[in-house]
Structures are given as structure tokens and as C-alpha cells.
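Novice: Sequential numbering of the sequence shown, starting at 1026, is according to our numbering. Backbone N, C-alpha and C fix where the C-beta goes; we use that ideal spot for every residue, glycine too. For reference, the structure I am asking about is given below.
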Amino acid sequence: MNNAWLRDTIRDFEPYKVPEIKENTVINANESPYNIFDFPNVKVDFLSRLEKRPLYHYPNPFAEELRTALGEYVSRRADEILVGNGGDEIISLILNTFMNAGDTLLIHTPTFDVYEIDGQVLGANVVKVPDLEGFKRDRNTFLRRVTELRPKITMLCNPNNPTGELLPLSFLEEVLKASSNPVVIDEAYLEFSGQESIISQLDQYDNLIVIRTLSKAFGLAGMRIGYAVAQQDVIAALSLTKLVYNMNNMSQLLGLSAMAYRDEILQHNIPPTIQGREYLMAALRKLDGVTVYPSVTNFVLVHVPDGPAMVRALSQADICVRFYKAPELENCLRITVTTMDVIRRVISVFQREVVPCAALK
Ligand SMILES: *Cc1c(COP(=O)(O)O)cnc(C)c1O
């Protein structure tokens, strides 16, 4: 193909390649180990909803029933919720709604890649504030940049992917107060943190947009259900560029079933994940040369002396983890917390790889 056909902003993009995964234990994408159809109530509920909804009908364009159910979950009205094809679609809708080419998108680094990629497609000026030592966010610099640059959009992932760090609501409120433009808080992992959501402050901030998803805590990554929470006129604005029928019937119905049994699902999925995370972090912290960054999510970021060697060792043990090309994440691996047996296998690979060198000292 003639490269000149491409939109100017994406001409230098590398083709998106998902590396082929040969390992059988895949803990590289923060997926849940729990299948929602293993909850008999959910399965029966979904199938009965499906039976009543002929698929020759178009889905409801605003997933009205589902946005009402999600609204109940986060204690907001339906018109303060917009449902999308995963949090990914919500990120893209937000930028499409507010960004002109040349506008500034303020983020920090390292964070979720999608923000920068979507910003670049639109020709945004993406400004990244580097984290401090130990992947703590540089709150002072970040706030100063908000004031100096007046970014068109400011985005923070809380807790952050891939570092696991949680910012207090008080800091998020400082950012919201410092900006007269939209501030996006991505809470994809909030359920694992045990912390209150910034959604509780929505009445105070007309510039707040919160992103949530059913992909992580509810284990529905394959169904693509994400949502935005914001004041009603912001939600109306986000709908301007939305595909009319963005949410298919299956996802809407399964989302409803998940919300109908949300307490049962969360009580089953969250506590063992938190226990496993604490167990994994404690075990890896005992090893010489391994740095474990504090995480309140369903994943743990670790720094090892030789990242590629550790990735190979895990792969030989049939385990696939996430590693990075970005220089600030050199020798870092992100490990998704799933079940105890997998956690024990990960720990034993680390112990084999790391302890012998320490023992030589
Ligand atoms: C997983 C994730 C999302 C949303 O994922 P979807 O599957 O598209 O809902 C959003 N933000 C972050 C930081 C994530 O890790």
C-alpha cells in the first residue's frame, strides 16, 4: 500500500503485533481467572434474558437498562453513565469528543499505553511527566504542568497500570481544581484497591470523567463492557461521536446479569486475588535483587537484575508475563495475580533464578 494514503498522524506507527503466546499459563494481561458462567445464577439469568431478546433487533443504542444497573452499582443516575465497548472505547470517545489536533494531552509515564496512542492518532501534543524513583508519581510537577500548560485533557490511571500505585482522592481533587478542562480518572482496577472511588465527588466537579470496566474485577474482558461516569451534560457530549449501536445485545445482557449478581461475584473474585497479591509480593520481596513495587491491583510490577532471563525462565515453566520495551521499564515484569497454584509456580521460578546468585556471595 502507498504509505502516503495514511493519515499524517499515524504514518510513523509500527504495525500492532501481539506476540504469539506459546505458554499455557497466561498472566500478561491482567485477566481474571474466574469464569462468570461458573456462577450458576448468572448463567441461568443470562440465558433467560437471551431467550427473551430476539437477535434480529438492533440493540438499545444507549444500553438503557445496563446504564441504569451500572448507575446503581456506582450510586449515580443512568444519564450520568455511558456504556462502551470496553474502557478502551471510552478512552477513544473522550479524546474524540474534546481533542483538536495540537491540543495538549497531559499524562505521566509509565502508564496505560492506550492514552498516548489515541492522543497521537488525533495529532495531540502528548506531554508526559516522568514518575519519581520507585514509580511514585511526581505530584508536584504534575500539578504544576496542569497549571502551566492548561492541557485540554488530563488523564490519570488510579490505581495505575502498570505500576499499581494508588493516588489519594485529595490529590485527584487538587488536579480537578487546578484544571478548567476535562480530567479523566481511569479506575479500571479500583475494585481491587479497597479504596473509595472519586465518583463520590462527582457533584463537585463538572470536569471529572471516570472510566470503569467489567473486564478486570468481574472477569469479563472478552465481553467488552466499559463505562464512563460524569455529569449528565458531559455524558451527552461523549455520545456525540459514539457509534449508534456500539454495544451488542450479548454484552448488554451479560452486563445486566453481572450487575444482578454483582455482590456475589465480587465477594468471590476479589478477596482471593488480594490475598494472592499480598502473598506474591511478600515472597518476592524476600529475594535479593528483586524490587517489588507496592500494588493495590490484580497485578504486581517487579524489577529484576536480568529481565529477559527471567521472562525466559518463566516461559520455560510455561508461564507468560508482561515485559516492556520502554526504557523506564527496563528489566520490569508485570505479573497478573490469578490463583494460588499459579502464584506458587511463579515464586518457585523466581527463587530458582535469583537465590542461587545470592547464595554465591
Ligand atoms: C484493562 C484496562 C482498561 C479497560 O479495558 P477494557 O477491557 O477495554 O475495558 C482501561 N484502563 C486500563 C488502565 C486498563 O488496564
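1) If you draw a straight line from the C-alpha of ARG1310 to the C-alpha of TYR1349, how long is it?
2) When the Cα atoms are used, what is the spatial distance from ILE1236 to LYS1042?
3) Leaving aside the five residues before and after ASP1063 along the sequence, list all residues of the same chain whose C-beta is less than 8 angstroms from its C-beta, in chain order.
4) Can you give the beta carbon distance from GLY1251 to ILE1115, rounded, assuming they're within the 8 angstroms contact cut?
5) Would you mind listing the beta strand (DSSP E) stretches within the stretch 1144-1170 that are 3+ residues and don't spill past its ends, in chain order?
6) Report yes if the CB atom of GLY1189 is closer than 8 angstroms to the CB atom of PHE1324, and no otherwise.
7) Would you give the residue range spanned by the beta strand (DSSP E) that MET1335 belongs to?
8) State whether the stretch 1277-1289 contacts the stretch 1083-1098, with contact taken as three or more CB pairs (one from each stretch) at a distance under 8 angstroms.
9) Are the CB atoms of GLU1353 and THR1134 within a distance shorter than 8 angstroms?
10) Using 8 angstroms as the threshold, is the C-beta distance between VAL1374 and GLY1301 below it?
11) Is ALA1351 near ligand 1, judged by its Cβ being under 7 angstroms from some heavy atom?
12) Could you tell me which whole beta strand (DSSP E) segments of length 3 or greater appear in the stretch 1196-1249?
13) Can you tell me whether SER1100 is buried or exposed? The criterion is at least 16 other CB atoms within 10 Å of its CB, across all chains shown.
14) What span of residues does the alpha helix (DSSP H) with ARG1302 cover, start to end?
15) In whole angstroms, give me the CA-to-CA distance for PRO1084 and ASN1274.
16) Which residues in the same chain have their Cβ closer than 7 angstroms to the Cβ of LEU1075, if we skip the five residues on either side of it in sequence?
17) Is SER1225 near ligand 1, going by C-beta to nearest heavy atom under 7 angstroms?
Specialist: Well, looking at it:
1) 21 angstroms
2) 26 angstroms
3) none
4) 5 angstroms
5) 1150-1155
6) yes
7) From DSSP, MET1335 is part of no beta strand (DSSP E) but of the alpha helix (DSSP H) over 1332-1341.
8) yes
9) yes
10) no
11) no
12) 1208-1211 and 1233-1238
13) exposed
14) 1287-1310
15) 5 angstroms
16) LEU1278
17) no
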